[in-house]
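Residue numbers (the working numbering), protein chains in the order written: chain A, 397 to 664; chain B, 11 to 333.
Shown next, in structure tokens, is the structure this report addresses.
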Amino acid sequence: MWVVAVLCVLAAILPLVLVLYYVIAQGASGINLDFFTKLPKPVGEPGGGMANAIVGSLILVGLASLVGLPIGILGGVYLAEFGNNRFAWTVRFLADVLSGVPSIVVGIFIWAMVVVPTHRLSGMAGGAALGVMMIPTVMRTTEELVRLVPMSLREASLSLGATHWRTVFKVVLVAAKGGVVTGILLAVSRIAGEAAPLLLTAGSSPFWSTRIDQPMPSLPVQIFTYAIQPYDDWHRQAWAAALVLVSLVCVLSVAARYVTRGRFRMVR
Amino acid sequence: METAVDRTRSLKRRGIFTGRFGDGIFKWTTLLFAACVIAVIALLAYLLVADSLPAIRTFSWRFLSGRTWDPVHDVFGGLPFVYGTVVSSALALLLAFPISLGAAIFLSELAPPWLRNPLSFLIELLAAVPSVVYGIWGIFVLVPFLRPIEAWLGMRLGFVPLFSGPPYGIGMLAAGLILAIMVLPIIIAVSRDVLRAVPVSQREAAYALGATRWEAIRGPVLRYARAGILGAIILGLGRALGETMAVTMVIGNTPTISPCIFDPAYTMPSVLANEFMEATGRLHIAALMEIALLLFVVTIVINAIARLLIWSVARGAPSGVKE
């Protein structure tokens, strides 16, 4: 029985090893200074890079955090501090529903909400779509971690005359900081690689684009467009972009583990 | 005459400096942010229904049974996409289920403690790899690898309709395999949590009756966790149905219904990703919206069922359900 179970684990990890191997083997050759500093070249001209997509991805993640973090963290605080009523149960259930909604459907939602009224694809819309996708993860981790803060800490703060909101912001959230940061890192690592909603919201652009009311290129969308075209040079760049993306996600995952190490055991 | 001290006292009495005022604001502000989730879901549902009304009115139920998808003549039938989504997801679960059950049993019951954490981390990493990266790997590694295998299978078993198609590599089988890899981590993580939630007394009772370790797992433990494991599989199904990029890159994007798993096909999320930005006709957009609506409703139902099943075994929040 042991043998079968071990084989199953190996079979589950094999794809990870294969994917990482190919991403590193194929991507490493495309990684150079140009990749990080140059704009994409037109078809046929070798060279060029993805600087604009890298910057675009960072801006999009920043915008998404502006949408997702306040709602996620404060909503999570509400669920943990006042969350014993029917309203909170509804919010919890709907947060779970939201986390199960396919990313492309979230993209269509933001398309109808933002892109249609403003008549253009924009970084703003992309950030909003990614932000909506961050909410459930951040909210549920914040709730769980805030709940884990021992009652005695709150009581100590309240007994010194602090009000409830001061207690939450100065004591409870500080104690739960590591866990909340973990939630944020996990959420960011999830949305940083999303391409589907960005196709419909942020679009793409071969130029520098730092204005959030203009279409904004991003690494995942760039990987997709390059990979499905028949040009070898583009494939090489797509692999390089995949390597950058995977490294980013790995760093974020390791950081998420490192932050919570020892403090509170992550409830999972 | 009122001194500053008196003034402070009277303000305190009225609850302005004591912060009760602030506490009220605090409670209602956080509530407002929590309510955003309800607003998002409500708006999402409203917009999807409102924007797909033209298609719903024009085609009613024929939308689900129609096989023709012709934007030029405004004839839209979604059956090929529904078929592609259902078959590729079913294929994925068929491949992923035995492996994830075995892996979950290993992680929760058999693995030595020092091995559990690193293994769990690797499986989390598998879930964290972005969908486009699986897609590019699928195009350049998996598909070329599948081509000779499909050719060989076609030669030996070509008389079975399942294996009768041309061995392109790109097609339903590739999509199913990629999806299987992508749903593995979530099924493993949730099943592992469910198995851990099985009370020790169940195992002890089995051991007391002379059961071996394996008999204890196969009998009482798995039976106790049955509903939760089913929930984990359904949760994986929800993931597979909505997966967009990786599938779009390897399935071939051809709206046909073929019994052969080598043939190219099309799924609901893929058609949204490919056609939504190019759609200009009002009815075309509405038809795509209706597909999104279908997808939305199906994933809600599936997630609700899955969470109920998981809760029935592991009471409390199924926190292993990580996004």
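Ideal placement from N, C-alpha and C gives every residue a C-beta, glycine not left out.
Being a predicted model, the structure only gives us computed values, none of them experimental.
Inset, instruction - Confirm, please, whether the CB-CB distance from Ala113/B to Val415/A is below 8 Å. - result: Your numbering for residue 415/A matches position 19 in the first sequence. Your numbering for residue 113/B matches position 103 in the second sequence. No, the Cβ-Cβ distance between Val415/A and Ala113/B is not below 8 Å.
Legend entry - Limits of the unbroken alpha helix (DSSP H) element including Lys573/A: Within the first sequence, numbered from 1, the residue matching residue 573/A stands at position 177. Counting along the chain, the alpha helix (DSSP H) containing Lys573/A begins and ends at Lys573 to Ile587.
Legend entry - Integer Cβ distance of Arg430/A from Gly452/A, believed to fall under 8 Å: As a working mapping, residue 430/A is identified with position 34 in the first sequence. As a working mapping, residue 452/A is identified with position 56 in the first sequence. For the record, residue 430/A in the displayed sequence is Asp; it is not Arg. That belief does not hold up - the Cβ atoms of Asp430/A and Gly452/A are roughly 17 Å apart, past 8 Å.
Legend entry - Chain-order list of residues whose beta-carbon lies under 7 Å from that of Tyr627/A (same chain, five-residue window excluded): The sequence position of residue 627/A within the first sequence is 231, counting from 1. The answer, listed in chain order, is Val439.
Inset, instruction - Could you tell me which chain B residues have their CB closer than 8 Å to the CB of Thr486/A, listed as they occur along the chain? - result: Walking along the first sequence from the start, residue 486/A turns up at place 90. Within chain B, the residues near Thr486/A are Ile48.
Inset, instruction - For Leu247/B, decide whether its Cβ has a neighbour in chain D, counting only Cβ atoms nearer than 8 Å. - result: Any reference to chain D falls outside this structure, whose protein chains are A and B.
Inset, instruction - Inspect the beta-carbon positions of Leu89/B and Gly76/B and report whether they are closer than 8 Å. - result: Taking the second sequence and counting its residues from 1, the one referred to as residue 89/B is at position 79. Taking the second sequence and counting its residues from 1, the one referred to as residue 76/B is at position 66. Yes, the pair counts as a contact, with Cβ atoms nearer than the cut-off.
Inset, instruction - Report all residues from its chain with a CB closer than 6 Å to the CB of Ile506/A; omit the five preceding and five following residues, and keep chain order. - result: Position 110 of the first sequence, counting from 1, holds the residue named residue 506/A. Ala521, Ala524, Ala525 and Thr597.
Legend entry - chain B contact residues for His350/A, given Cβ-Cβ distances below 8 Å: The first residue shown for chain A is 397 and the last is 664, placing residue 350/A beyond what the model contains.
Inset, instruction - Measure the alpha-carbon distance for Val413/A versus Trp398/A and round it to whole angstroms. - result: Locating residue 413/A in the first sequence gives position 17, where the first residue counts as 1. Locating residue 398/A in the first sequence gives position 2, where the first residue counts as 1. Val413/A and Trp398/A: Cα-Cα distance of roughly 22 Å.
Legend entry - Cβ-Cβ distance between Ala638/A and Ile149/B below 8 Å: Within the first sequence, numbered from 1, the residue matching residue 638/A stands at position 242. Within the second sequence, numbered from 1, the residue matching residue 149/B stands at position 139. No, these two residues do not count as a Cβ contact at 8 Å.
Legend entry - Closest residue to Phe620/A among Asp609/A, Leu594/A and Pro611/A (Cα-Cα distance): Here residue 620/A refers to the residue found at position 224 of the first sequence. With distances taken between Cα atoms, Phe620/A lies closest to Leu594/A.
Inset, instruction - At 9 Å on the CB atoms, spell out the chain A contacts of Tyr144/B, in chain order. - result: Here residue 144/B refers to the residue found at position 134 of the second sequence. Going along chain A in sequence order, the residues near Tyr144/B (Cβ under 9 Å) are Pro411 and Val415.
Inset, instruction - In angstroms with no decimal places, state the Cα-to-Cα distance between Arg543/A and Met278/B. - result: Along the first sequence, one-based indexing puts residue 543/A at 147. Along the second sequence, one-based indexing puts residue 278/B at 268. Their Cα atoms are separated by approximately 39 Å.
Inset, instruction - Report yes if the CB atom of Val153/B is closer than 8 Å to the CB atom of Val260/B, and no otherwise. - result: Here the question's residue 153/B lines up with position 143 in the second sequence. Here the question's residue 260/B lines up with position 250 in the second sequence. Yes, the Cβ-Cβ distance between Val153/B and Val260/B is below 8 Å.
Inset, instruction - Determine which residues of the stretch 128 to 162 of chain B have a Cβ less than 8 Å from any Cβ of chain A, and write them out in chain order. - result: Leu129, Phe131, Leu132, Ile133, Glu134, Leu135, Leu136, Ala138, Val139, Pro140, Ser141, Val142, Val143, Tyr144, Gly145, Ile146, Trp147, Ile149, Phe150 and Val151
Legend entry - Collapsed DSSP secondary structure at Pro158/B in the structure displayed: By 1-based counting over the second sequence, the position of residue 158/B is 148. Pro158/B: helix per DSSP, three-state reduction.
Inset, instruction - Using a threshold of 8 Å, state whether the C-beta atoms of Gly527/A and Leu475/A are closer than that. - result: Within the first sequence, the letter at position 131 stands for residue 527/A. Within the first sequence, the letter at position 79 stands for residue 475/A. No, the Cβ-Cβ distance between Gly527/A and Leu475/A is not below 8 Å.
Inset, instruction - Compute the Euclidean distance between the alpha carbons of Arg482/A and Ile580/A, then round it to the nearest angstrom. - result: Working through the first sequence from its first residue, we reach residue 482/A at position 86. Working through the first sequence from its first residue, we reach residue 580/A at position 184. Taking the straight line from one Cα to the other gives about 27 Å.
Inset, instruction - Would you list the residues sitting across from Pro436/A in a DSSP beta bridge? - result: For the purposes of this step, residue 436/A is taken as residue 40 along the first sequence, with counting starting at 1. Bridge partners of Pro436/A: Gly444/A.
Inset, instruction - Report yes if the C-beta of Ala401/A is less than 7 Å from at least one heavy atom of the ligand GDP; otherwise report no. - result: The ligand GDP is not part of this structure, which contains no ligands at all.
Inset, instruction - Could you tell me which chain A residues have their CB closer than 7 Å to the CB of Thr254/B, listed as they occur along the chain? - result: Walking along the second sequence from the start, residue 254/B turns up at place 244. Neighbours of Thr254/B on chain A, chain order: Pro498, Ser499, Ile500 and Ala592.
Legend entry - Beta-carbon neighbours of Ser110/B, restricted to chain A and to distances below 9 Å: Working through the second sequence from its first residue, we reach residue 110/B at position 100. Near Ser110/B (Cβ distances below 9 Å), the residues of chain A are Cys404 and Ala408.
Inset, instruction - Let me know the secondary structure DSSP gives Trp71/B once reduced to three states. - result: Position 61 of the second sequence, counting from 1, holds the residue named residue 71/B. Note: Trp71/B maps to coil in three-state DSSP.
Legend entry - Alpha carbon of Arg661/A to alpha carbon of Glu539/A, nearest angstrom: Reading the first sequence from its first residue, position 265 is the one you call residue 661/A. Reading the first sequence from its first residue, position 143 is the one you call residue 539/A. With a pLDDT of 47 at Arg661/A, under the threshold of 50, the predicted position of this residue should be treated as unreliable, though the coordinate-derived value follows. Roughly 15 Å between the two C-alpha positions.
Inset, instruction - Check whether the Cβ atoms of Val497/A and Phe43/B sit closer than 8 Å, and answer yes or no. - result: For the purposes of this step, residue 497/A is taken as residue 101 along the first sequence, with counting starting at 1. For the purposes of this step, residue 43/B is taken as residue 33 along the second sequence, with counting starting at 1. The answer is no: Cβ separation not under 8 Å.
Legend entry - Burial state of Thr222/B, where buried means 16 or more other Cβ atoms lie within 10 Å: As a first step, residue 222/B is located in the second sequence; it is residue number 212 there, counting from the start. Exposed, by the Cβ-count rule.
Inset, instruction - Going by DSSP, name the residue or residues bridged to Phe86/B. - result: Residue 86/B sits at position 76 when you count from the first residue of the second sequence. Paired residues: Trp79/B.
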